[in-house]
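*Asks:* Quick note: the sequence shown, position 163, residue 255 per this note's numbering, numbers continuous.
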Amino acid sequence: MNCHHSQHGFNLIELMIGVALGLMLMVSLGYILLGGRSSFQTQDANSRVQETGRLVLDTLTRDLRLAGRVSIIPVTTDERVDWPAGTLPLGGAEGGGSASDTLTVRFQLDDTGGGSIEDCNGNAGGTLVFSNITGTSNPSNTNNPFRYAMIVNQYSVAAGTLSCLGNGANASQPLADNVDDFQVTYGEDTDSDYAPNQYLSAANVSTWEHVVSVRVCALIRSENGAVSSGQPYTDCSGNNTTQADTRLRRAFTTVVNLRNRNKASQ
């Protein structure tokens, strides 16, 4: 007896269920891929923001620690060679409102060793010569001239780029891009204990010789959008705010004690 088996295929309902399951799987995989890509972009942007912030603070800290450095070591305090008028070790200009500030740092380095002494633009520092120095102490001073390189580095922000202008003839040298804000306040010692009693803007500093520390804040943003919506952050003034764009932002702040303005250097 012969048995005949009829052929069976997928009916319409089974086919629709299979298609629906396939679409759900594809959508799930798509979300996973997009989520991974978004997470990578956010992490990469955050890393670049931190890298830029560290570069800015490290560079400024190094210069500020040299501010006011004089290579001449006096025999007595009466024979100290002071900075000429108009060339104080530190200076600044307030941007006003929401504009960024300007910071100027000056220091001297020994120029008698034949080495290359350069400002932030790679230019040789201006030469400062002290000659015919006399004194009554023992040992007495000498008439031999001293040669020192005067370095002047001025930091400012334009079009989102923090740049440094040296005392050479070249144009400003870009230091860091994506800088939203650059704020500087100055720690003023009002009771002669070499510790800051108050932090003031450049416009409110009455006696620059009393500045013993500097507080610097740089607000860094990511180069491109890194999040799905604007993220809250704290700006250099301590205000919590949110921008409409999708860039990451972080304020980097440091306080630098001026080594050549502390008690040990006097």
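The C-beta atom is built at its ideal place from N, Cα and C for all residues, glycine as well. All values derive from a computational prediction rather than experimental measurement.
#1: Beta-carbon separation of Thr338 and Val308 under 7 Å?
#2: Could you name the residues of the same chain whose beta carbon sits closer than 7 Å to that of Asp281, not counting the 5 residues immediately before and after it, in chain order?
#3: In whole angstroms, what separates the C-alpha of Thr153 from that of Ser120?
#4: Taking the straight line between their C-alpha atoms, what separation do you get for Val111 and Ile124?
#5: Going along the chain, which unbroken runs of the alpha helix (DSSP H) with 4 or more residues stay wholly within the stretch 131 to 158?
#6: Quick one: what's got a C-beta closer than 6 Å to Thr144's C-beta in the same chain, skipping five residues either side?
#7: Does the Cβ-Cβ distance between Ala310 and Asp327 come in under 7 Å?
#8: Taking the DSSP output, what are the residues bridged to Pro266?
#9: Helix, strand or coil for Leu195 per DSSP?
#10: Do you know offhand how far Gly114's Cα is from Met108's?
#11: Checking 7 Å against the spacing of the C-beta atoms, do Ser298 and Thr277 come in under that value?
#12: Tell me which residues share the same chain as Asn331 and place their Cβ nearer than 8 Å to its Cβ, disregarding the 5 neighbours each side in the sequence.
#13: My guess is that Ala241 and Gln200 are in contact by the Cβ rule of under 8 Å, so how many angstroms apart are they, rounded?
#14: Got a sec, what are the start and stop residues for the beta strand (DSSP E) Ala318 sits in?
*Replies:* A quick look at the data gives this:
#1: Within the sequence shown, residue 338 is the residue found at index 246, counting from 1. Within the sequence shown, residue 308 is the residue found at index 216, counting from 1. Cβ atoms of Thr338 and Val308: not closer than 7 Å.
#2: Against the sequence shown, residue 281 aligns to sequence position 189. Excluding positions up to five away in sequence, the list reads Ala287, Pro288, Asn289, His302, Val304.
#3: As a first step, residue 153 must be located in the sequence shown, where it is residue number 61. As a first step, residue 120 must be located in the sequence shown, where it is residue number 28. Computed Cα separation, rounded: 49 Å.
#4: Here residue 111 refers to the residue found at position 19 of the sequence shown. Here residue 124 refers to the residue found at position 32 of the sequence shown. Cα to Cα, the separation comes out at about 20 Å.
#5: None, since the stretch 131 to 158 contains no complete alpha helix (DSSP H) of that length.
#6: Residue 144 sits at position 52 when you count from the first residue of the sequence shown. If we look at Thr144 and ignore the five residues flanking it on each side, its Cβ neighbours are Ala268, Ile312.
#7: In the sequence shown, the residue the question calls residue 310 occupies position 218. In the sequence shown, the residue the question calls residue 327 occupies position 235. No, Cβ-Cβ distance for Ala310 and Asp327 is not below 7 Å.
#8: One-based indexing of the sequence shown puts residue 266 at position 174. Answer is Ser255, bridged to Pro266.
#9: As a position in the sequence shown, residue 195 is number 103, starting the count at 1. Strand.
#10: Walking along the sequence shown from the start, residue 114 turns up at place 22. Walking along the sequence shown from the start, residue 108 turns up at place 16. Each residue's alpha carbon lies about 10 Å from the other.
#11: Within the sequence shown, residue 298 is the residue found at index 206, counting from 1. Within the sequence shown, residue 277 is the residue found at index 185, counting from 1. Going by C-beta atoms, Ser298 is not nearer than 7 Å to Thr277.
#12: Mapped onto the sequence shown, residue 331 falls at position 239. Nothing listed; no residue qualifies.
#13: Against the sequence shown, residue 241 aligns to sequence position 149. Against the sequence shown, residue 200 aligns to sequence position 108. For a cut-off of 8 Å, the C-beta gap from Ala241 to Gln200 is around 7 Å, short enough to register as a contact.
#14: Walking along the sequence shown from the start, residue 318 turns up at place 226. If you look at Ala318, you'll find it isn't in any beta strand (DSSP E); DSSP assigns it neither H nor E.
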